[in-house]
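Heads up, the thing below is written out as structure tokens.
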Amino acid sequence: MKINLISFTQNGSKVSNELIDLFENKDYDIYAVGKYPFGKIKALNKSVYEFCKDSFETKADAIIIIGALGIAVRAIAGNLKNKGCDPAVIVIDDKKNFVIPVISGHIGGANALSMIIAESIGAIPVITTATDVNKKFAIDSWAVENGCSIADISKIKYVSSAILRGEDVGLICDFPIEGKLPQGLKLGNMYKVGICISTCDKKISFKNTLNLIPKEYVIDIQFKENVPYDDFKDTIDRILDDEKISPLQIIAVSSEGLKCENIHKYCIEKKIELTNNKANEILRYENINEAYKYRENGNKKIFIKECICDNIKIAISKINWRCIF
32 MKINLISFTQ NGSKVSNELI DLFENKDYDI YAVGKYPFGK IKALNKSVYE FCKDSFETKA
92 DAIIIIGALG IAVRAIAGNL KNKGCDPAVI VIDDKKNFVI PVISGHIGGA NALSMIIAES
152 IGAIPVITTA TDVNKKFAID SWAVENGCSI ADISKIKYVS SAILRGEDVG LICDFPIEGK
212 LPQGLKLGNM YKVGICISTC DKKISFKNTL NLIPKEYVID IQFKENVPYD DFKDTIDRIL
272 DDEKISPLQI IAVSSEGLKC ENIHKYCIEK KIELTNNKAN EILRYENINE AYKYRENGNK
332 KIFIKECICD NIKIAISKIN WRCIF
């Protein structure tokens, strides 16, 4: 997780250093700047507006501003797009009284990150999302935590509003369900509002359907860098189409060639995460040969298929996704 920190006072720099210590040696990439640099804080050499713009453009997962809420609102306003792609933005006052998730509370993880920070520094988390303050099931948080793509962000409001009104929300799921359904969810399609969990992003099961598509695949790509982009893209698309895999089903593209322009461009176009270690982390194998051995030893959670076409080699790994409540 990439987190960008900015502070404007000496107290703010102290808080930033404390947060860096909190996230150190965990799966976080911290970039911290401040008007008063010391410790692990670098000197602030741009305005807060430029800092936030750069953070949005470089796809930071979270922006933490140690300062006034008003400053944060003005600084991020011109960069906002939608809750599906905006980073988490969190404000902390420089006396560590409050931790405030400003945007992307659920999908971007601002609420969860704010709770972690608040508990660590002894602050009060200021959570204002209706499902949280009413202690109701939040489908967007569940989707992120359980590795699902949300086909249409605008449909979330129908589910959340129905749950907040105390109405039942239907659930159709093409995958095995484990655990007890949250209060308000009912199996079946006899409801006006419902959730459909399947591999199809356009399956209509209710008057207002929120389609969730489980992310089941990690795609490892190897190729020679002199492959023209259009040829590269067409080959990847053709292989995925043949395998009936949608970009919405892909956890990540894993490749050693992270600096390769072709892979970067493709992942940006398809809105897929690019990493050099995701396959190993999720599927727990060191390489393709090791993955085959892992599967042959009886583990049914991994399916490996290799495709070679036009000097491009793709290994498709599939996890055994389950709908767990």
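Heads up, this note's numbering is the position in the sequence shown plus 31, with the first residue counted as 1.
A virtual CB, placed ideally from N, CA and C, is assigned to each residue, including glycine.
- Between the alpha carbons of TYR260 and ILE131 lies a gap of roughly 43 Å.
- Contact annotation: the segment 236-253 touches the segment 270-285, with at least three C-beta pairs closer than 8 Å.
- For the options GLU49, ILE235, VAL175, the alpha carbon positioned closest to that of GLY201 is the one of ILE235.
- Here ASN48 carries a helix assignment [DSSP, helix/strand/coil].
- Residue pairing by DSSP places ALA283 opposite VAL249 in a beta bridge.
- Annotation: the continuous alpha helix (DSSP H) that includes ILE267 extends over 260-273.
- Unbroken alpha helix (DSSP H) runs of no fewer than 4 residues, entirely contained in the segment 152-184, are found at 161-164, 170-176, following chain order.
- Taking each of ALA108, GLY109, ILE226, ARG353 in turn and checking the Cα distance to PRO207, the smallest one comes out for ARG353.
- When the five nearest sequence neighbours on each side are left out, the beta carbons in the same chain lying within less than 8 Å of the beta carbon of ILE107 are those of CYS83, PHE87, ILE94, VAL120, VAL133, ILE134, in order along the chain.
- When DSSP states are grouped into helix, strand and coil, PRO132 belongs to the strand group.
- The alpha-carbon separation between LEU216 and HIS137 amounts to approximately 19 Å.
- Among the bridge pairs identified by DSSP, ASN35 is matched with TYR62, ILE94.
- Put simply, of ILE203, ALA169, ALA99 the residue whose alpha carbon is nearest the alpha carbon of ALA161 is ALA169.
- Beyond the five residues adjoining it in sequence on each side, ASP341 comes within less than 6 Å, by CB distance, of THR266 in the same chain, given in chain order.
- Relative to VAL258, the option among LEU241, ARG269, CYS231, ASN293 whose CA is nearest is ASN293.
- Take the alpha-carbon of VAL190 and the one of GLY197: they are about 11 Å apart.
- A Cβ-Cβ separation of about 15 Å leaves ILE34 out of contact with ALA103 under the 8 Å criterion.
- Taking the CA atoms as reference points, ASP171 sits about 11 Å from SER185.
- Looking at the DSSP output, LYS186 bridges to nothing.
- Under the DSSP definition of a beta bridge, GLU209 partners with ILE355.
- Across the structure, MET146 and ASP163 are spaced so that their CA atoms are roughly 12 Å apart.
- Assignment of PHE254 by DSSP, reduced to helix, strand and coil, places it in the strand class.
- The Cβ neighbour count for GLY153, taken over all protein chains shown within 10 Å, is under 16; the residue is labelled exposed.
- Counted as a single uninterrupted DSSP element, the alpha helix (DSSP H) harbouring LEU100 occupies residues 100-107.
- Annotated as proximal: CYS227 and ASN242, with beta-carbon spacing under 8 Å.
- Fully enclosed beta strand (DSSP E) runs of no fewer than 3 residues occupy 216-218, 224-228, 239-245 of the segment 212-245, in order along the chain.
- Its chain contains SER38, ILE97, ILE123, ASP125, LYS127, ILE152 as the residues whose beta carbon lies nearer than 8 Å to that of VAL46, once the 5 sequence neighbours on both sides are disregarded; these appear in chain order.
- Per DSSP, the continuous alpha helix (DSSP H) segment holding CYS298 begins and ends at 292-301.
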